[in-house]
Amino acid sequence: MQLGLVHFLILSALLFCLGLYAVLTRRNAVAILMGIELMLNAANINLVAFNKYVAPAALNGHVFALIVITLAACEAGVGLALVLSAYRNLETVHVDEINVMKW
Amino acid sequence: MDRYLLTLTTFVPLLGGLLVLLIPKGQERLMRQVALITSVLGFLVSVWLLGPFEIGRAGMQLLERYAWIPAIGVNYHMGVDGLSVPLIILTTLLTVLSIAYSWKIETRLKEYLFLFLLLETGMIGVFVALDFFLFYVFWEITLVPMYFLIGIWGGPRKEYAAIKFFLYTLVGSLAMLLGILLLYFNAEPRTFDILELIRQQPLAKAPLLAALAFWGFFLSFAIKVPMWPFHTWLPDAHVEAPTAGSVILAGVLLKLGTYGFVRISLPMFPETFKQYALLIGILAVIGIVYGVLVAMAQTDLKKLVAYSSVNHMGYVMLGTAAAAGAVGVPERAAAATIALNGAVFEMIAHGVITGALFLIVGIIYDYRAHTRGVDDFGGLAAVLPKYYGLSTMAMLASLGLPGLMGFVAEFLIFVGSFGVFPELAAIGVIGILLSAAMFLWTIQRIFLGPKNTRWESLPDLDRREAWSLAPLAALMLIFGLYPKPLLDVINVAMTGLVTALK
Amino acid sequence: MGQLAAFIVLSIVTLAAAVVVVGSGNIVRSALSLIPTFLGITGIYILLQAEFVAGIQVLIYAGAITVLILFVIMLTEHGSGVRFRQVNEQVPLGMIVAGALAAFLIATFVTTAWPTSSGALPQYTASGVGTTFMTNMVLVFEATSLVLLVALIGAIVIARRER
Amino acid sequence: MRELAWLIPVLPLIAFGVIIAFGRRLPGQGAYVAVAGIALAAVLSIGIFVQGLGHTEAYEANIRWVPYGETALDLGIRVDNLATLMLLVVTVVGSMIFTYSIGYMHGDPRYPRFFAYLSLFAASMLLLVLANNLLFLYVGWELVGLCSYLLIGFYFEKPSAARASMKAFLTTRVGDVFMFFGILIVFLTLGTFRFDEIFAKVHEGAFGALTIGGLPLLTVAALLLFGGALGKSAQFPLHTWLPDAMEGPTPVSALIHAATMVAAGVYMVARTYTLFFQSPDHGALTFVAYVGGVTALMAATIAVTQDDIKRVLAYSTISQLGLMMLGLGVLGYTAGMFHLMTHAFFKALLFLGAGSVIHAMHTNSIKEMGGLGTIMPSTYWTFLIGTLALAGVFPFAGFWSKDEILLEAYHHNTVLFVMAALTSLLTAFYMFRVIFYTFTGSLRNRHAHPHESPPVMTRPLWVLAFFSVVVGFVGAPFVGAPIKHFIDFEGLEHVPFSMGMALFGTLVAAVGIGAAAAVYHWKVVPASTLRRAAGPLFTLVSNKYYLDELYDLLFVRPTVAVARFLRNFDVYVIDMIVNLVGFVGIGLARLYRVFDQYVVDGLVNLVGWIAKALGSTLRYVQTGRAQNYLLAIALGVIVLLAAGLFR
Amino acid sequence: MSLPPEDLWAIAPEIWLGGLGLVLLVLDLFVPANRKSIVGWAAIVGLTLSLVPILGMLGVTPRTVFFGTYAVDGFAVFFKIIAVVSTILVILSAMDVLRGQTQFEGELYVLLTFAALGLSFMAASADLIMLVLSIEFVSLSSYVMAAYFKTDRKSNEAGIKYFLFGASASAVMIYGFSILYGLTGQTSLYGIADAIRTAPRPALIVAVAFALAGLGFKISMVPFHQWTPDVYEGAPTPVAAYLSVASKAAGFAALVRLLMVAVAPSAVDWVTLVAGLSAVTMTLGNLLALPQRNIKRMLAYSSISHAGFLLMGVAAYRGDFGAPGLLIYVLAYTFTNLGAFFVAVLVGQRLGSDDIPDYAGLAQRAPWTAFLMVVFMLSLTGIPPTAGFFGKFYIFGAAVSGGLLWLAVVGAVNSVVSLYYYVGVVRAMYLMPAPSAEAVRSPVALTMALAVAAAGTLVIGVFPQPFVNLLGTAALLLRL
């Protein structure tokens, strides 16, 4: 069996859903952020794999992946700052306790 | 000057209203004067219409047409014919009387007067608009002031009544908007011009769409009229509205619905209307009988008058439905013309009579007894002879007594509709009988019987009240005895309409 | 064949570490497990001839982001990282949703006829990436700098205390 | 003169307007204006009558009233012999009654208003008479109804008067509805309201073989028109309002409810006689005759049992109107109209006489009176003349006209003839019952201080008494019976005068008078004995055959009940539906919230609970709202996928 | 392969905005803490000046620049105008609110200016990479702004929630984009359009569905709407205004470009999908708005429902009323909704409450403000002669002419429902008695913002012709 596109896609799908699972179930905002990072990584695997197997003529996939990594870093920075700020005030980072506003 | 006469008629009240807004707080007297002068001016301008208006000429006159939103073919297009002119004058007249009647309003006077004048502009606008876009804009403009008039100056359940009125009529408006759009997109070339659309008959070949559009318009107009079973906003709105608001509501706003049926539904969808004419006629007759029976059981005088409006608007709808039922049958054209003449005459008559009735209720409720319970009174005839005389006259006019306006209208409607839907007309005549019973019983309960000590000290009509009723009483009598001048105006338009429908 | 073996090993490392990230009851362990995950993915990138991406992945993800996350965890969970329950009651539902989505995605990916190209990537992609950034993607490149700036300002504004 | 005919209704109308506008400030508080108005109208009418003796052509004048399409409905008048006769009756009798009222109403707080109403009535009645089309006949018809309403309720402080006025208006309106349908049928079939055109078209057979529900349309139309007459002329079964209408002032009863308005029904049938006459087999006429006969007999029986002097006269009026209808129905066109004319004079006289008595006694009950003949001689003698005329005693007016009716009935229908004869008998009986109770014997109410009425009241009595004597001679054979030439329906043969019938009529009257004298004067058989002997029959009759109660049960109560029901229906059903739509909207919003709280969370909890049951270490804790949102993203994507894939 | 110099002219507005942001950043360093409004006024001046190059591009021939990554067309220009104008107004409204609430006042103006740049990028992105970048650009600044009042618990919560929701949604979207890239081998939307015709269906649907998650989040489309009320309620009111208008408008720009350019040629029945989403979105938004008492939450749900109306325009975009309908609705909604939020800013600031019952008697205490609020509420309901009516008129027209009559009916019913809660505000202001007679005064900057919003609402309602003309060119979306 030859290593092919589909293998990478399966990996990315699994990784994406692991990330999604974290997003859905973790209470800690930081852990949710980690899940989001996993999802972004899954997308990046896709992009790089597609670039190799589908569109090797240009390197748009690589560029895309690099931009996503950059954005992930930005999100992490801003997100963590938000978590810190919220923690100071609300004294929790558990999103199910951040629940003043509803309905 | 004549070139801008309709614009002038429409916007004079609004200008006056804006002027009122500019008057600083504390100058209540000046506000009242400005508002009254404006309304009188508006009335005079509308009467001035009769000068350049050629009564014998069919079709739209005094046309004004300027591009407004040319990108989608919207024009500022106004014009009047024998259908709209009397309604415009009715509007301006009732506004004058309402403002005169409201002389004693103290709370938030400035807003009150402004809203009243804005309302007047909206109503006149509907009657002169010949472009659907313009028509719709004016149609909607009437809702907002009425909401406030009921909501701020109304009775104990004013909020409920106001929002009910607003929601109910907005349902209809939006249905109409969709109908308008259906017409627009099926026209070739696309246009919002009512006359052009009538000429084109864009939906004539698409019965399903025509039916959809027709029912869209129907819903809007039927709620406004209001036809049974869309009438339940009316009693609430009337009971809670301040007296002058009720006068305008019953006198003019309801007419917007019937005006729509005659001006738009009938010529725009003749075949579809004919198809459903019987059904609509049945609803109208239910409204006639139902309205008067429910009125009979009321103990609140205002509600009683409100339900009698349901009854009277039923007559108008019966006439209109009969005219629709005669579409395409040349031998019934005469009946259709009579029915339509009657329907339009009834619009005016009802405006005058019910306007007077609401003033009458207001006079006793606002300024004297502070109750509207029919059973609270009794024996007032001896205490308030002038008031008794005018009330009785108005009620007799309302029950269709010959010599007064209501009779001519009802007579024509029944003569006309009997030729098309004899069974419906037959049932409808029972409504006349019942409304006689209803009003006589009311007169008996309020005015007759032994002198009631509780009301012994009530003063009779003062000069201002008498003068706000007198013009209406005079109209009832004049057009009741000699309706020709008014019917000459209406007849030309209605004959033209029926001829167009063949 | 060797590639396939490498892929399998890397995948197992990546996924196993990711499972720990996702499932560990200890938030610090979760965060630390990010490192093998990201490194595994780096390997995958190398398998896919994306050397530059791989390098950046190591630098930014395995390095910067993980460290940042650990810092914040230390600041917010008082260092211990075990005192709190880490998952909410949506676990079963989350499993079902995530599992179903994974199954669906995999099924779709396997059955889809991807428009694979017979062409090949250049020998070294790093320079190609650079060229692309300076030509086709120059606007993206420039805009990215502004995004970074905004993120910087934002993070500072939010993270600093009001006086 | 005829060109001025339009002035006849206008003059009283002007009087009405003037009195309403100026009231007490006028000379005589408006009474003189009213009298002047009617008197001028009378002068004009007499002029037209005199001028009309030579003419045979009718005079018509029209003005446009309601345009429709290219044509119009016209307001028009028609002066022909029939109208002239009615004008004469209305204006002359009217003048007398107006004059009488000056005295009778003296001191009433609403004195000017009374004369205003009277003038309005005169105007309406004259419009009705002069109308050359059904529409304006109907307009006048309704307006006299209005005046009747206003005048019956003139003493509105009395609840009974207020009720009676409403009853009168509504009962007659029931008839009017039928009449309205009749008018509609005529108009829609023939396209016109004008009498001359209608008659011409009917003659041409415009109705042809049209039928409705198996009946000839023409018959139906005629009978519907007759429905109006049922109400207005108080014919069975719509007669119940007239006795109650006696709550009005007595001059009103005399003018409206005896002489003129109630005769309008008869006039209308005569006016549209062609329609009745042309109906197949005279079907419509036969119906009219039977209704008249039944009415006449029934009312006469009731009159015997009444103690209220005005009610007796009221039932007498009903009875006599029935007799007129009977006359018209048995092809006695002239006879019917003749009786209308004579009846107007002597019935007005009787009412005014009764008014004079009431004025003196302040009571209506004949049982409280007695012996007034000596106290009020003028009243007594004039009343007696009227009674003799009504009873049909030679040579008083009633004799001639009633004789004509009996004659016509005899020639055409035996059953009806018997009815008419019985009616005559009863008429003589109950009228003399009144005479004996009122004017003979001794005064039974000791507290009363009766006195003769002032001249302004007695003079009109004498004038009317004069007419009651002489007016019948226009039908007398020895002067050539000019009435038969003046009022004549084309195509009808007059039955020649018969001495036998005249004698029979006189005999009937004599029997009636004799019986009354036996019971009430000589007291051969006391009234109470008779009453006991009649037993249940007497109860039935004296309670007016329980018709009022029946109508109340059948019509009034159900209507009110339905009205009440519908009011509740409106509030609790129709409006509820509307409100329900609103509630559902807000309810949906709430429901969604509940859904979110219980179903989404519940699902979560349920799965958690199952997991726990399976030995998981999960604990139930509060919801993590933010992650519910995140879950929504996942679910949303899945929904979108499903939506995309399964389309 | 070198860059044509005119491409730089084509992004002149963006360059100006970026430069402005940097200048402001520096300026902020030199302005003393109590005079930070200088930065705000500078931002306003700069943003207003940026309208010059933007308007200068109105009649531009549609094309792409920067090697196909960036579109220059009327459509983009239109949304840039919306972005800049709403940013100006939001800054005006924010100046009074910020004072004393935070020491980072100047930075907010910088962030808003950069956000305007990000919105411009969003509206014009012609490449998936650029699109992702610009969306994140806007998102990152929005997260920060939502959490700007760090001492306010609600604001913290809003920031966290917004961030988690937004980051998750963009992760999903990026994953979708990666599949789209895999299916076509292109990142340029115009390139994708070529290749998408033959793309296999299930995977394509996955890509579209995932992509909709990210964009749906931006425009608060059901079922990606749930963050909206919490964030609007918690965020500083001017920021909520900004999110409800500017970022939503840009989201629609991106959505339309993605759907119309890239997805439309494919076999996916996206019209029905969007129409369905439209119906669900407007209905749910409306129903949930009914029981709200907090004006910001009410406006949040109302903005969800308006997203539904805008989606109606998207679904009917291909009809000749669709494009102008959507755009005029966006325009109308921008002015109206901003106006409504500005009143909320004023009341929140002066009365310290966002609860609708606390608006009682505002008609007496601030007659003009109350009157304007009535105008805004009527406009949101869609009653003439306001901009909202004209927008609805157009968008219903689009639906009717696009064969989506059922959707127009749903929209009509929803308009009626919406009246109920909009009038609730009017009712409080006019029908309820005022608890105190003290006048509520509006600061200068906010008054200006209100005046502009009201003028926009009324002028578009009464004289829409110039705007329709404008849209004639703006509707020129660069397509293949």
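First to last, the protein sequences are chains A, B, C, D and E. Using numbering that gives the first Met the number 0, the letters of the first sequence correspond one by one to residues 0 to 102. Using numbering that gives the first Met the number 0, the letters of the second sequence correspond one by one to residues 0 to 501. Using numbering that gives the first Met the number 0, the letters of the third sequence correspond one by one to residues 0 to 162. Using numbering that gives the first Met the number 0, the letters of the fourth sequence correspond one by one to residues 0 to 646. Using numbering that gives the first Met the number 0, the letters of the fifth sequence correspond one by one to residues 0 to 479. Here a beta-carbon is modelled for each residue, glycine too, at the ideal position from N, C-alpha and C. Source: prediction; values computed, not measured.
| Query | Result |
| --- | --- |
| Pick helix, strand or coil for E:N293, following the three-state DSSP scheme. | strand |
| According to DSSP, simplified to helix, strand and coil, what is B:I22? | coil |
| At a CB-CB cut-off below 7 Å, which residues of chain B make contact with E:L276? | Per Cβ cutoff of 7 Å: no residues; E:L276 is ~21 Å from chain B at best. |
| At the level of alpha carbons, what is the spacing between C:A119 and E:V38? | 53 Å |
| Going along chain G in order, which residues have a C-beta closer than 8 Å to the C-beta of D:L630? | Going by chain labels, chain G is absent from the structure shown, which instead holds the protein chains A, B, C, D and E. |
| Contact between the stretch 133 to 153 of chain D and the stretch 186 to 202 of chain D: three or more CB pairs below 8 Å? | yes |
| Suppose contacts are defined by Cβ-Cβ distances below 8 Å. Is D:G282 in contact with D:T218 by that definition? | yes |
| Within 8 Å of any Cβ in chain C, is that where the Cβ of D:L639 sits? | no |
| Helix, strand or coil for B:W152 per DSSP? | helix |
| Please list the terminal residues of the continuous alpha helix (DSSP H) segment that includes B:D235. | 232 to 239 |
| CB B:I123 to CB B:T8, shorter than 8 Å? | yes |
| Please report the distance separating the alpha-carbon of D:V620 from that of C:Q89. | With a pLDDT of 29 at D:V620, under the threshold of 50, the modelled position of this residue cannot be trusted, and the question is left open. |
| Between the stretch 381 to 400 of chain B and the stretch 316 to 334 of chain B, do at least 3 Cβ pairs fall closer than 8 Å? | no |
| Would you mind reading off the limits of the beta strand (DSSP E) that contains E:A70? | 69 to 71 |
| Between which two residues does the beta strand (DSSP E) harbouring D:L74 extend? | 70 to 78 |
| DSSP on E:V64, reduced to helix/strand/coil? | strand |
| Given a limit of 7 Å on CB to CB distance, which residues of the stretch 35 to 47 of chain A reach chain E? | I35, M38, L39, A41, A42, N45, L46 |
| Round the Cβ separation of B:I193 and B:F131 to the nearest angstrom and send it over; I've been treating them as touching at under 8 Å. | 6 Å |
| Within 10 Å of its beta-carbon, does C:S32 have 16 or more other beta-carbons around it, so buried, or fewer, so exposed? | buried |
| Residues of chain A with a CB under 9 Å from the CB of D:A633: which are they? | L19, V22, L23 |
| If you measure between the beta carbons of D:A57 and D:V65, is that distance less than 8 Å? | no |
| Give me the DSSP bridge partner(s) of B:A128. | B:M77 |
| Which class does C:I45 belong to by DSSP, given the choice of helix, strand or coil? | helix |
| By alpha-carbon positions, which one of E:S167, E:F148, E:E156 ends up nearest to C:R159? | E:F148 |
| Report the three-state DSSP secondary structure of B:D487 (helix, strand or coil). | helix |
| With distances taken Cα to Cα, identify the nearest neighbour of B:A160 among B:T6, B:L173, B:L142. | B:L142 |
| Listed from N- to C-terminal order along the chain, which residues in the stretch 271 to 291 of chain B have their beta-carbon within a distance smaller than 8 Å of any beta-carbon of chain D? | Y289 |
| Starting from A:A85, find everything on chain E with Cβ-Cβ shorter than 8 Å and list it in chain order. | A146, N155, E156, G158, I159 |
| Residues of chain E with a CB under 7 Å from the CB of B:W227: which are they? | Per Cβ cutoff of 7 Å: no residues; B:W227 is ~21 Å from chain E at best. |
| From A:R120 to A:M33, what does the alpha carbon distance come to, in whole angstroms? | Since the displayed chain A opens at 0 and closes at 102, residue 120 of chain A lies outside it and no answer follows. |
| Can you grab the Cα-Cα spacing for the pair E:G410 / E:I53, in whole Å? | 34 Å |
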